[in-house]
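Undergrad: Dumping the structure here so I can ask a few things about it.
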Amino acid sequence: MNYQVFPLFTRITTLLFFLFSFISCFFGISALLTYCVLVGLFFPIGISMRLHRLNETGVALTLTENTQWITYIHGFPAQEQRAVLKNPCFWSTERIQQFFIRCFVGKMVLQGSCIAILAYEFQSFKGSEVSVILALLALLYLLYMSAKSVHMLYLVATNQWQCESLTTSRGSIWYQGFLPTKEGRDTLFARLC
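First residue of the sequence shown? That's 2 in my numbering, and the numbers climb one at a time after it.
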């Protein structure tokens with residue numbers, strides 16, 4: 002059973018980063034909050050909607066896992082069941098590669114736009130030393146996240162990932178992508194969102 006105290010955030014680090022991003026807006030730096038909204042909210046929704054459309058047309062197979070949660074709403078516990086999207090399957094390995102390359106390029110475009118917003122804000126404000134320090138911290142974070150996306154794009158584009166076949170109960174064969182790690186392997190989808 003999973004527990005959720007905050008109705009919008011399931012991880013405390015996400016909440017703290019959002020609060021830090023919100024506070025940095027008072028110092029004239031809105032790039033981190035823009036990053037939270039674009040990459041943290043709109044991008045996963047867009048990916049989920051795209052996978053839903055691909056699933057409806059028969060090009061992709063979306064696997065879900067049902068999880069039980071207890072959510073506290075105004076102090077009262079409420080049980081709910083959620084369907085968590087797992088690693089999507091495609092009819093060929095080329096289609097997996099094509100999907101994830103497009104997704105990582107889209108994510109990098111959003112990250113680049115956040116860096117551009119930060120550069121514009123830094124040029125236009127005459128802030129205090131705190132604003133400069135916050136801008137540098139924001140730049141380091143955005144560059145780090147962009148470098149992770151570039152690295153993942155490189156791994157996918159150069160075929161440094163593993164493919165596993167999945168046979169459904171109807172006998173159709175689908176493929177899903179994994180990335181080998183020291184602890185085992187991660188799904189490509191987990192690295193994307």
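All C-beta atoms, glycine included, are put in the ideal place defined by N, C-alpha and C.
(1) Please determine if the region 103–116 and the region 144–157 are in contact, where contact requires at least 3 C-beta pairs separated by less than 8 Å.
(2) Could you name the residues of the same chain whose beta carbon sits closer than 7 Å to that of residue 7, not counting the 5 residues immediately before and after it, in chain order?
(3) According to DSSP, simplified to helix, strand and coil, what is residue 6?
(4) Should residue 45 and residue 62 be called a contact, given that it needs their Cβ atoms to be closer than 8 Å?
(5) Quick check on DSSP: helix, strand or coil for residue 85?
(6) Can you tell me whether residue 145 is buried or exposed? The criterion is at least 16 other CB atoms within 10 Å of its CB, across all chains shown.
(7) What's the C-alpha gap between residue 96 and residue 137?
(8) With 16 as the cutoff for other CB atoms within 10 Å, does residue 73 come out buried or exposed?
TA: Inspection of the coordinates gives the following:
(1) By the criterion of at least three beta-carbon pairs nearer than 8 Å, the region 103–116 is in contact with the region 144–157.
(2) Here residue 7 scores only 45 on pLDDT, less than 50, and its place in the model is too uncertain to base an answer on.
(3) Unreliable positioning characterises residue 6 in this predicted model, as indicated by a pLDDT of 45, which lies under 50. A coordinate reading is not provided.
(4) No; because the gap between Cβ atoms is not below 8 Å, this pair is not in contact.
(5) In the structure shown, the three-state DSSP call for residue 85 is strand.
(6) Residue 145 sits exposed, since fewer than 16 C-beta atoms from the chains shown fall within 10 Å of its C-beta.
(7) Going by the C-alpha atoms only, they are around 39 Å apart.
(8) Residue 73 is exposed by the Cβ-count criterion.
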